[in-house]
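Structure first, then comments.
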Amino acid sequence: MLNGKSVLITGGTGSFGRQFVGTLLQRYPGVRRVVVFSRDELKQFEMAQTYGERDYPQIRYFIGDVRDPQRLLRALEGIDVVVHAAALKQVPAAEYNPFECIKTNVLGAQNLIEACLDAGVKRVVALSTDKAAAPVNLYGATKLCSDKLFVAANNIKGSRDLRFSVVRYGNVMGSRGSVIPFFKARRQTGVLPITAPEMTRFNISLHEGVEMVLWAIEHAWGGEILVPKLPSYRITDVAEAVAPGCRQQVVGIRPGEKIHEEMITASDSPNTVDLGDYYAILPSGADYSLDDYCARQGARRVRPGFSYDSGSNPDFLTVPQLRDLIATQVDGVAQH
1 MLNGKSVLIT GGTGSFGRQF VGTLLQRYPG VRRVVVFSRD ELKQFEMAQT YGERDYPQIR
61 YFIGDVRDPQ RLLRALEGID VVVHAAALKQ VPAAEYNPFE CIKTNVLGAQ NLIEACLDAG
121 VKRVVALSTD KAAAPVNLYG ATKLCSDKLF VAANNIKGSR DLRFSVVRYG NVMGSRGSVI
181 PFFKARRQTG VLPITAPEMT RFNISLHEGV EMVLWAIEHA WGGEILVPKL PSYRITDVAE
241 AVAPGCRQQV VGIRPGEKIH EEMITASDSP NTVDLGDYYA ILPSGADYSL DDYCARQGAR
301 RVRPGFSYDS GSNPDFLTVP QLRDLIATQV DGVAQH
């Protein structure tokens, strides 16, 4: 699929980017070029210790910011596929620095779309977040706006062989900012802060996130917001799995935080289809036929009023299952 192609990933030095690049280099040895585009020279240097140009001559590291349209256009020369992972993601930081969050997450998305249109890119997959569904914080609002931009970009591609699509999922187990490293750091104190005992989250691994993006690159029509089917977990069960015996102290939810992760709202149900492993929220409008999409993709419409959130999800991980996943997906990666 990607052999002979040139791929650029924005925010390529983040947790997802590192996993994606590693998978790309191993699975597609014939990939022509892999460009890691990010603004942090230290993270690029550190990533190059694992994926250096001597061992992987097809890889390139570009310093740049999605806020800079000229740098994006230069970096996209000869690129076939773009994965957009760059974003400002910390909820409290976004609330305190809203202009900066908008510049990266919204204006940066616009810059990338326009550069892809001008550079002859063929496929674009943008990473979204559960917080973009019925957003209650600025970060979620900027990502909803970004999603809308990428979906609508398909309307202005003209005769270009170019498809824009979006993948939406929540917290990645063990990634920077997830609760597991935080709990592990605090377990020596004997007390773990719990925001709310009823809080739930979806669980996805970096590997599953990468596989979803690769699926979108190959199969997406353009315009979809793809959502994976995932198990949920209770935050209290994660605390027990990480630090059995520690006291759990309820400290209250933070501003802009939800009790449950939402991925698909009831308002999305008229345009949502079931693809098997994924759901797809399709654009509304006469130019996008749900029946045609279902027939050609083997999908089916969801029931009216359908919604998808981590609290009502019937599939929940147990404490032993969480403990095994942490050992393999978090501790195993750290040891490696």
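Reminder that position 296 of the sequence shown reads as 296 in UniProt numbering, one-by-one numbering, no gaps.
Yeah, the Cβ is synthetic: ideal placement off N, Cα and C, and Gly gets one too.
Next item on the list: Could you tell me which uninterrupted alpha helix (DSSP H) segments, each at least 4 residues in length, are contained entirely in the stretch 189 to 263, listed from first to last along the chain?
Entry: 206 to 219, 235 to 242
Note to self: Tell me the DSSP secondary structure of N3 in three-state form.
What the structure shows: coil
Check: According to the Cβ coordinates, are V36 and Q44 closer than 9 Å?
Finding: yes
Item checked: Where T10 falls: helix, strand or coil (DSSP) -> In this structure, T10 counts as strand in the three-state DSSP scheme.
Next item on the list: Whole angstroms is fine: what's the gap from T189's alpha carbon to Y233's?
Entry: 24 Å
Margin query: Helix, strand or coil, according to DSSP, for F316 in the structure here?
Written below: F316 falls in the strand class under three-state DSSP.
Notebook entry, point to check: Which residues bound the alpha helix (DSSP H) around V106?
Noted result: Careful: V106 lies outside any alpha helix (DSSP H) and carries neither H nor E.
Margin query: Taking 9 Å as the threshold (C-beta atoms), are A109 and S165 in contact?
Written below: no
Note to self: Assuming the contact rule is C-beta atoms closer than 8 Å, V83 and V125 should be a hit. Round their C-beta distance to whole Å, please.
What the structure shows: 5 Å
Note to self: Between the alpha carbons of H336 and E211, how many angstroms are there, rounded?
What the structure shows: Bear in mind that a pLDDT of 38 at H336, under 50, signals an unreliable position, so the number given afterwards is only what the model happens to contain. Taking the straight line joining both Cα atoms gives about 20 Å.
Next item on the list: Apply the 10 Å Cβ neighbour rule to P228 and answer buried if 16 or more other Cβ atoms are within range, or exposed otherwise.
Entry: buried
Item checked: Straight-line Cα distance separating R39 from R54 -> 22 Å
Checklist line | Exposure of A295, with buried meaning 16 or more beta-carbon neighbours within 10 Å | finding: exposed
Margin query: If you reduce the DSSP assignment to three classes, tell me which class A126 lands in.
Written below: strand
Checklist line | For A280, the three-state DSSP class (helix, strand or coil) | finding: strand
Next item on the list: Tell me, please, which residues DSSP counts as bridged to R33.
Entry: S6
Notebook entry, point to check: Can you tell which of V21, M1, L2 has the C-alpha that lies nearest to the C-alpha of T10?
Noted result: V21
Note to self: Measuring straight from C-alpha to C-alpha, what distance separates R18 and A86?
What the structure shows: 13 Å
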